[in-house]
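Quick note, the sequences are listed as chains G and H, same order. So for the first sequence, the numbering used here puts the first residue at 12; every next one is plus one. So for the second sequence, the numbering used here puts the first residue at 12; every next one is plus one. Don't be surprised by glycine CBs; every beta carbon is placed ideally from N, CA and C. Take a look at the structure set out below.
Protein chains: 2
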Amino acid sequence: MQASSILKPISEQLQLVDDRLREFSESSELPSLKDLLIHVFDSSGKLARPALTLLTAGFHPNDGEKVITMATAVEMLHVATLVHDDTVDESDTRRGRVTVSSSWGQHTAVLLGDYVFAASATYVCSTGNIRVIKRFSETIMDLSRGQMQETANSRDIKNGMDDYLERIYFKTASLFSTSGESGAILSGASEPIVQSLKTYSEKIGLAFQVVDDVLDITGTPQEIGKPVGSDLLNGVITLPTIYAIEDSGCRKKVRLFLEDPSNTELHSEIVDMIKHSDVGERSYKYADQLVEEAKLSLQALEDNDCKRSLLDLADFIISRNN
Amino acid sequence: MQASSILKPISEQLQLVDDRLREFSESSELPSLKDLLIHVFDSSGKLARPALTLLTAGFHPNDGEKVITMATAVEMLHVATLVHDDTVDESDTRRGRVTVSSSWGQHTAVLLGDYVFAASATYVCSTGNIRVIKRFSETIMDLSRGQMQETANSRDIKNGMDDYLERIYFKTASLFSTSGESGAILSGASEPIVQSLKTYSEKIGLAFQVVDDVLDITGTPQEIGKPVGSDLLNGVITLPTIYAIEDSGCRKKVRLFLEDPSNTELHSEIVDMIKHSDVGERSYKYADQLVEEAKLSLQALEDNDCKRSLLDLADFIISRNN
Chain G
12 MQASSILKPI SEQLQLVDDR LREFSESSEL PSLKDLLIHV FDSSGKLARP
62 ALTLLTAGFH PNDGEKVITM ATAVEMLHVA TLVHDDTVDE SDTRRGRVTV
112 SSSWGQHTAV LLGDYVFAAS ATYVCSTGNI RVIKRFSETI MDLSRGQMQE
162 TANSRDIKNG MDDYLERIYF KTASLFSTSG ESGAILSGAS EPIVQSLKTY
212 SEKIGLAFQV VDDVLDITGT PQEIGKPVGS DLLNGVITLP TIYAIEDSGC
262 RKKVRLFLED PSNTELHSEI VDMIKHSDVG ERSYKYADQL VEEAKLSLQA
312 LEDNDCKRSL LDLADFIISR NN
Chain H
12 MQASSILKPI SEQLQLVDDR LREFSESSEL PSLKDLLIHV FDSSGKLARP
62 ALTLLTAGFH PNDGEKVITM ATAVEMLHVA TLVHDDTVDE SDTRRGRVTV
112 SSSWGQHTAV LLGDYVFAAS ATYVCSTGNI RVIKRFSETI MDLSRGQMQE
162 TANSRDIKNG MDDYLERIYF KTASLFSTSG ESGAILSGAS EPIVQSLKTY
212 SEKIGLAFQV VDDVLDITGT PQEIGKPVGS DLLNGVITLP TIYAIEDSGC
262 RKKVRLFLED PSNTELHSEI VDMIKHSDVG ERSYKYADQL VEEAKLSLQA
312 LEDNDCKRSL LDLADFIISR NN
């Protein structure tokens, strides 16, 4: 299965979203701001979230306008988050391009992120739908809360599965959920359909983050675009580590490493231990289960191109390697 | 004239705003976030913007609920802006308290600011008024744009009055304008009244920033809580400098200083020159004119306690020394 076949039912609308993102980035009268916007939107990714908004709008006839606006807004919000995340993480590059914070300074990155956050909110406002606008603002709160919780609870292996699931909901699944829920709402779908698509979107959002966290250990640096085991290096406890420290030997090593994060030899040793254990398999199984729950929540929906794409998208999330 | 007499018609409502701000800061379940929120809202200022929202709502009978929510939101937005501004400026203290960025790190300050920005937007959403929600999002864009423009155009004395007025509109007057406009809208006032109060609020916002920029030169470090001439030191060209460099001797010195900002002796010399010139007087005259225009825009409004307070508030903005 390929991404292009999943996106086929919405390829024209996705192109319109791409056009609007370009129009937005070229619209600023302040030259320095324009350059920055073009830089961050040029390097934008696979438009996974806008695709979700467009696909979830496929279960009720609608003129597409509000949905395309919303799909543009969710990508803008995602980009704003990346700009601030790179500032917080002090990352030098993202997907092969320099980050705003490393090249233009943290200060510019803070203000640029604020600007794009606010701009995304004005797009959502123009849908005129209060429920969607409110959900969108709450999602911005969730995103920053997730990051803060990750920082606050780092280096502490006492925080287990509940803390992990809450964090990845705030950090990732909340925006997936809002992307899907808002597509359904703005298309005019009935409440049961909205709830099904919201549940689906939240579940694949959680699965997406679990896979991300497994790839952090099992991927190659080329595939994941960062050093292997970066999460542990930064003291962030994710699902693979939670599973790994069930073994008391590994738990001892992880504890030692978190007390002395400069011990890179120990870090490599732990990463190797996890790689050669069943942790990767168990983590994928967990993500698989989330994907199955996501697909199950679509059961009552009419069978159409968008539904088939959503089912394929759920599987694609598990099979990706970057 | 005293601030307390200006606030008399809205003292009860202002207390409710203060209560809601405290409730918000104490509501977070994440302990580290709660501590941060209590810190930034404890040090919050004079509630000038909420007061404006409450006073401009005094020209049409209303139950007060939406207006109080909005007044709470404008203060939250103001606080979020301060958190990010202190990060951008690398300030150690604000009004005698340590800043979040200096004490908890820039990273925490970025995320905390995002969280409070988003939280303020959810409060505005609960007014259910799309026009107000959209205006609020645009204001967040204006605020970050104003800061970016200030950075982009710093150290360049070619940017004159037009650039200055645009910058202070984005940076300060936009939020004043939105605070006043939204009070009027949410009270249910007619469109001509909304427009009068919006104009009033924008003008006093501009005057407020002009006075701030004059005090930066004419105030004592105790009054203004920062070194005298900080704007010039940071390369920010404000009204006093724009007036001062009409004199070719002063222009030469300013140009030299902007080329070598480490020359503190030259900085002191320029500040002294401006202090002993008519620049302060001329700048106040400019602010006075804005205040007169603000008061004039209220002419058609019925005479009541809120109108008298708005007239007094306009004068108070000129007379303040911190």
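For residue i, which three-state DSSP category applies?
i                     : result
residue 166 (chain H) : coil
residue 265 (chain H) : helix
residue 247 (chain G) : coil
residue 331 (chain H) : coil
residue 256 (chain G) : coil
residue 292 (chain G) : helix
residue 310 (chain G) : coil
residue 239 (chain H) : coil
residue 118 (chain G) : helix
residue 74 (chain H)  : coil
residue 272 (chain H) : coil
residue 229 (chain G) : helix
residue 95 (chain G)  : helix
residue 206 (chain H) : helix
residue 13 (chain H)  : coil
residue 22 (chain H)  : helix
residue 287 (chain G) : coil
residue 138 (chain H) : coil
residue 69 (chain H)  : coil
residue 195 (chain H) : helix
residue 84 (chain G)  : helix
residue 131 (chain G) : helix
residue 298 (chain H) : helix
residue 354 (chain G) : This structure does not reach residue 354 (chain G), given that chain G is present from 12 up to 333, and the question cannot be answered.
residue 201 (chain G) : coil
What residues in its chain sit with their C-beta under 7 Å from that of residue i, if we drop five residues either side in the sequence?
i                     : result
residue 267 (chain H) : 277
residue 25 (chain G)  : 18, 58, 61, 62, 65
residue 314 (chain H) : none
residue 166 (chain H) : 246, 269
residue 135 (chain G) : 81, 84, 143, 144, 147
residue 190 (chain G) : 60, 63, 64, 85, 212
residue 298 (chain G) : 218, 221, 222, 329
Report all residues from its chain with a CB closer than 8 Å to the CB of residue i; omit the five preceding and five following residues, and keep chain order.
i                     : result
residue 113 (chain G) : 97, 101, 102, 103, 104
residue 14 (chain G)  : 57, 327
residue 119 (chain H) : 47, 111, 112
residue 21 (chain G)  : 62, 65, 66, 69, 317, 320
residue 164 (chain H) : 170, 174, 178, 248
Can you check DSSP and say which residues form a bridge with residue i?
i                     : result
residue 109 (chain H) : H:104
Grab me the residues of residue i's own chain with a C-beta within less than 6 Å of its C-beta, minus the 5 sequence neighbours each way, in chain order.
i                     : result
residue 124 (chain H) : 91, 94, 95
residue 158 (chain H) : none
residue 261 (chain G) : 255, 284
residue 178 (chain H) : 157, 160, 161
residue 214 (chain H) : 301, 304, 305
What alpha helix (DSSP H) runs, 4 residues minimum, are completely inside the stretch 142 to 193 of chain G?
As far as the stretch 142 to 193 of chain G is concerned, its whole alpha helix (DSSP H) runs of at least 4 residues are 172 to 179.
Using Cβ-Cβ distances below 8 Å, what residues of the stretch 43 to 72 of chain G are close to chain H?
Of all residues in the stretch 43 to 72 of chain G, those with a C-beta nearer than 8 Å to a C-beta of chain H are 43, 44, reading in chain order.
Members of the stretch 119 to 131 of chain G near chain H, C-beta cut-off 8 Å
From the stretch 119 to 131 of chain G, only 119, 121, 122, 123, 124, 125, 126, 128, 129, 130 have a Cβ closer than 8 Å to chain H.
Please identify, using Cβ separations under 7 Å, the residues of the stretch 87 to 113 of chain H that lie next to chain G, in order along the chain.
Those would be 95, 98, 99, in chain order.
Closer than 7 Å, Cβ to Cβ, to anything on chain G: give me those residues from the stretch 138 to 160 of chain H, in chain order.
Per Cβ criterion, the list reads 139, 141, 144, 145, 148, 149, 151, 152, 155, 156, 158, 159, 160.
Mind checking the stretch 27 to 41 of chain G against chain H and listing, in chain order, the residues whose C-beta falls within less than 9 Å of any C-beta there?
Closer than 9 Å at the C-beta level to chain H, one finds these residues of the stretch 27 to 41 of chain G: 39, 41.
Threshold first: 4 residues or longer. Then list the alpha helix (DSSP H) segments lying entirely within the stretch 37 to 64 of chain G, N to C.
Listed in chain order, they are 42 to 53.
Proximal residues, the stretch 158 to 185 of chain G versus chain H, C-beta separation under 8 Å:
So the list reads 158, 159, 160, 162, 163, given in the order they occur along the chain.
Listed in chain order, which residues of the stretch 295 to 315 of chain H have Cβ atoms closer than 9 Å to some Cβ of chain G?
Going along the stretch 295 to 315 of chain H in chain order, one finds no residue with a Cβ nearer than 9 Å to chain G.
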